[in-house]
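Trainee:
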Amino acid sequence: MMKYSIFSLARNARTYHQDWPKAWRSPDPKPEYDVVIVGGGGHGLATAYYLATVCGITNVAVIEKGWLGGGNTGRNTTIVRSNYLWDESAALYDHAVNLWEGLSQELNYNVMFSQRGLLHLAHNVHDMQEIGRRGNSIYLNGVDSEFITPEQVKEMVPFINLNCRYPVMGALLQKRGGTARHDAVAWGYARAADAAGVDIIQNCEVQGFDITDGKIQAVRTSRGTIKAKKVGVVTAGHSSVVAEMAGFRMPLESFPLQAFVSEPLKPIVDCVIMSNAIHAYISQSDKGELVIGGSGDPFISYSQRGSFDQIEHVAGPILELYPIFSRVRMMRQWGGITDVTTDRSPILTKTPVEGMYFNCGWGTGGFKATPGSGHVFAMSIAKGEMHPIAAPFSMDRFSSGALIDEAAAAAVAH
Ligand SMILES: Cc1cc2nc3c(=O)[nH]c(=O)nc-3n(C[C@H](O)[C@H](O)[C@H](O)COP(=O)(O)OP(=O)(O)OC[C@H]3O[C@@H](n4cnc5c(N)ncnc54)[C@H](O)[C@@H]3O)c2cc1C
C-alpha cells in the first residue's frame, strides 16, 4: 500500500496525479475463506480490518451487494458521541470514541474526525430531568459531559433563538463529541483491510446460506457459492432479510430515516446541536452545507427514501430555533433504511446457526460506533465468544428481559 503523505503527494504531482495506485483491489472471490463478512458498510469493513490486523485472520472476504458505503454509512449525518445512559452503552460507545481519536493516523487516511462539541438542548421540564439523569450517569461512567445554562448555550451558538416556541432551558454538552467524514471511514477501512490481505468484493449479493447440522458451511452469492468457516452479517436495514435466509428471526424493524443538506455557507455552526424534544438537529459540514436531520418515518419500509411530511416536521423547528437560516436553500435530501430494536440498542450476537454472527440493530445511530463495533465484533468472531463489551448486546436479551433501554439518549434519532 502506498503511504499517503506530503511526500507521496509531491511525487504524484510530478506525473499529474495519473499514477496513484487503486486504494483497494477488486479480486474475484476465492472458493473458500476463514471468515466472510456480509455487508461492506463501515461496520463490516471495520470488522474485516480488525480481524486481519488485531486477530491475525487475513483469509477474509467482505461481500457487498452494491458499492462500499452505499448503505447507511454513506447516508448518515456523521454525528459521533458517547453520551448514553447505561454502563453497557458507555463501555461500547466510549470505546469507539477512543478509537476515533487515533483513527486517521492508524488507517493513514483522513477520516476528518472533528471533536467540535455536541449539545443536547433541553426544551421542557421532562428534558431537563432526562439530561440530568443521563448526564450524571455519564459522568459516573467517566465519560465527559457537562450541564450548561441557556446563557452558555447562547455564547456557543449566538444565532439561536432561546425564547421561541421551544424555549431552551439548558443543555448537555459533550466536548469530545463531533463529526467525521462518512465515506472516508468506509474507504479508509477498505484500503487498510485490503492492504492487510482482505478481499473486498463489491456488486455481489448474498442470496442464501448452506447450513448443515446447524453449522454454517457456505454463503450463496450472485457470483457463486463461497465456503466459509465463519460468517459475520453486518447488513443494517436488511439484517432481518438476511436472518430469514439463515432460517431465524431478528428482533428488528426497518424504518426509513432521512436527512438533508443546504447550499454551502460560510462557517457559522461550529458544534453539533440536537433537540430531542422536537426531533431536529443541525451541524455544518466542512464544505459549508448545513446538515439537518430528525426522526425516522413512522412506518416500516425498505424504500431508502423519506416522506415529505418529515421534511416539514424537521424544517419547522429548525427555523424556530435558528431563524437566521430562513432564506437558506436546501440542496439535497436522501434516506436510508435503519434497523431498529425495541430498546434502541444494537445487537452484537451469536445466532442459532453455529459459526454465524450478527452485528445489527444500530438503527438511527450506529455511525458513531463504527470503530468500536468493528473492533469488538472482530474479536468475538475470532474467539468464538462474544467480547465482554459486546456480550450484553446479545439477541438473547429480548427473551431474558435484560434490555438496555437507550430510547431517551437516542430520541432525536442519533
Ligand atoms: C439519514 C441517516 C442519518 C444518520 N445519522 C447518523 C448520525 O448522525 N450518527 C450516527 O451515529 N448514526 C447515524 N445514522 C445511522 C448509521 O448510518 C448506521 O447505524 C450505520 O452507518 C450502520 O453502518 P453499517 O455498516 O452497519 O450499515 P450500512 O452502511 O448500511 O452497510 C450495510 C451494507 O450491507 C449491504 N447488504 C445488505 N444486504 C446485503 C446482501 N444480501 N448481500 C450483500 N450485501 C448486503 C448493503 O448494501 C450495505 O452496504 C444515520 C442513518 C441515516 C439513514
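Mapping of the sequence shown onto my numbering: position 413 corresponds to residue 409, and the numbering continues sequentially without gaps.
Ideal Cβ positions, reconstructed from N, Cα and C, are used throughout, including at glycine.
Being a predicted model, the structure only gives us computed values, none of them experimental.
1. Taking the C-alpha atoms as reference points, what is the distance between residue 301 and residue 335?
2. Counting only the same chain and skipping the five closest in sequence on each side, list residues whose C-beta sits under 6 Å from that of residue 238.
3. Cβ of residue 172 versus every heavy atom of ligand 1: is any distance shorter than 7 Å?
4. Using only the alpha-carbon positions, how far apart do residue 195 and residue 143 sit?
5. Indicate whether residue 361 and residue 254 have their beta-carbon atoms separated by less than 8 Å.
6. Taking 7 Å as the limit between beta carbons, can you name the residues of its chain near residue 93, skipping five residues before and five after?
7. Which residues share a DSSP beta bridge with residue 414?
8. Would you mind sorting residue 348 into buried or exposed? The rule is 16 or more other CB atoms within 10 Å of its CB.
9. Can you say whether residue 296 is buried or exposed, counting buried as having 16 or more other CB atoms within 10 angstroms of its CB?
10. For a test of the three-state rule: what should DSSP assign to residue 206, helix, strand or coil?
11. Is it the case that the CB of residue 413 approaches a heavy atom of ligand 1 more closely than 7 Å?
12. Less than 7 Å separating the Cβ of residue 71 from some heavy atom of ligand 1?
13. Among the residues of its own chain, which have a CB less than 7 Å from the CB of residue 292, if the five just before and after it don't count?
14. Give a yes or no on whether the C-beta atoms belonging to residue 113 and residue 166 are separated by under 8 Å.
15. Roughly how many angstroms separate the alpha carbons of residue 351 and residue 381, rounded to a whole number?
16. May I ask you to verify whether the stretch 173 to 189 touches the stretch 101 to 109, counting CB pairs closer than 8 Å and requiring at least 3?
17. Can you give the Cα-Cα distance for residue 310 and residue 258, rounded to whole angstroms?
18. Using 8 Å as the Cβ pair cut-off and three pairs as the minimum, do the stretch 140 to 160 and the stretch 316 to 324 touch?
19. Looking at the strands, I want to know which residues DSSP matches up with residue 170.
20. Once DSSP output is grouped into helix, strand and coil, what is the label at residue 413?
21. Beta-carbon separation of residue 453 and residue 289 under 8 Å?
22. Quick check: is any heavy atom of ligand 1 less than 7 Å from the C-beta of residue 20?
Mentor: Taking the definition as stated:
1. Translated into positions along the sequence shown, residue 301 becomes position 305. Translated into positions along the sequence shown, residue 335 becomes position 339. Rounded to whole angstroms, residue 301 to residue 335 spans 14 Å at the Cα level.
2. Residue 238 sits at position 242 when you count from the first residue of the sequence shown. Closer than 6 Å at Cβ, skipping near neighbours: 229 and 231.
3. Counted from its first residue, the sequence shown places residue 172 at position 176. No, the beta carbon of residue 172 sits no closer than 7 Å to any heavy atom of ligand 1.
4. Along the sequence shown, read from residue 1 onward, the residue named residue 195 stands at position 199. Along the sequence shown, read from residue 1 onward, the residue named residue 143 stands at position 147. Whole-angstrom Cα-Cα distance: 46 Å.
5. In the sequence shown, the residue the question calls residue 361 occupies position 365. In the sequence shown, the residue the question calls residue 254 occupies position 258. For residue 361 and residue 254, no; Cβs fall outside 8 Å.
6. By 1-based counting over the sequence shown, the position of residue 93 is 97. Same-chain partners within the cutoff: 76, 78 and 172.
7. Given a span of -3 to 410 for the chain in the structure shown, any question on residue 414 remains unanswerable.
8. As a first step, residue 348 must be located in the sequence shown, where it is residue number 352. By the 10 Å Cβ count, residue 348 comes out exposed.
9. Counted from its first residue, the sequence shown places residue 296 at position 300. By the 10 Å Cβ count, residue 296 comes out exposed.
10. The residue given as residue 206 occupies position 210 in the sequence shown. Of the three classes helix, strand and coil, the one that applies to residue 206 here is strand, per DSSP.
11. Since the displayed the chain opens at -3 and closes at 410, residue 413 lies outside it and no answer follows.
12. Indexing the sequence shown from 1 puts residue 71 at position 75. Under cutoff, so the answer is yes.
13. Start at 1 with the first residue of the sequence shown, and residue 292 comes out as number 296. These residues qualify, in order along the chain: 251, 252, 253, 334, 360 and 409.
14. Taking the first residue of the sequence shown as 1, we reach residue 113 at position 117. Taking the first residue of the sequence shown as 1, we reach residue 166 at position 170. Their beta carbons are not under 8 Å apart, which means residue 113 does not touch residue 166 by this criterion.
15. The residue you call residue 351 lines up with position 355 of the sequence shown. The residue you call residue 381 lines up with position 385 of the sequence shown. Using only the alpha carbons, I get a separation of about 10 Å.
16. yes
17. As a first step, residue 310 must be located in the sequence shown, where it is residue number 314. As a first step, residue 258 must be located in the sequence shown, where it is residue number 262. Going from the Cα of residue 310 to the Cα of residue 258 covers about 13 Å.
18. yes
19. Position 174 of the sequence shown holds residue 170. Answer is 114.
20. There is no way to answer for residue 413, as the model of the chain reaches only from -3 to 410.
21. Here the chain has residues from -3 to 410 only, and residue 453 is not among them.
22. Indexing the sequence shown from 1 puts residue 20 at position 24. No, the Cβ of residue 20 stays beyond 7 Å of every heavy atom of ligand 1.
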